[in-house]
Amino acid sequence: MDVIDADDFVIGEAPAPVAVVTDNGPCFRGTVFAEAFTGDDPLFRHVRTRVRSPQTNGVVERFFGTLKYEHLYRR
6 MDVIDADDFV IGEAPAPVAV VTDNGPCFRG TVFAEAFTGD DPLFRHVRTR
56 VRSPQTNGVV ERFFGTLKYE HLYRR
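Residues in the sequence shown are numbered consecutively from 6, following the numbering used here.
If you want it as structure tokens, here you go:
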């Protein structure tokens, strides 16, 4: 990720890990999904919601719904 000053000049670089927030569903607990977050310098970081936390789970479900609408249905 580029660090930009007020005049839009690149003055450096900084790591930008992206947190992927999911619920505790079986598709997010598998080894294939976990391999995306391993390596020397992973770009993504996996964060799971707490068990029995419907408010946080609602936020995650809304995000997935918006993502689906924006990238699948609008094209």
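We put the beta carbon where it would ideally sit given N, CA and C, even for glycine.
Looking at chain B, is there any beta carbon in it that lies within less than 8 Å of the beta carbon of residue i?
{"i": "residue 68", "result": "Among the chains of the structure shown, chain B does not appear; only one protein chain is present."}
If you draw a straight line from the C-alpha of residue i to the C-alpha of residue j, how long is it?
{"i": "residue 36", "j": "residue 9", "result": "37 Å"}
{"i": "residue 79", "j": "residue 73", "result": "9 Å"}
{"i": "residue 75", "j": "residue 44", "result": "30 Å"}
{"i": "residue 18", "j": "residue 12", "result": "16 Å"}
{"i": "residue 59", "j": "residue 51", "result": "19 Å"}
{"i": "residue 34", "j": "residue 40", "result": "11 Å"}
I need the DSSP call for residue i, collapsed to helix, strand or coil.
{"i": "residue 67", "result": "helix"}
{"i": "residue 49", "result": "strand"}
{"i": "residue 61", "result": "helix"}
{"i": "residue 43", "result": "coil"}
{"i": "residue 36", "result": "helix"}
Rounded to the nearest angstrom, how far is the Cβ of residue i from that of residue j, given a contact under 8 Å?
{"i": "residue 23", "j": "residue 49", "result": "5 Å"}
{"i": "residue 7", "j": "residue 15", "result": "5 Å"}
{"i": "residue 54", "j": "residue 61", "result": "4 Å"}
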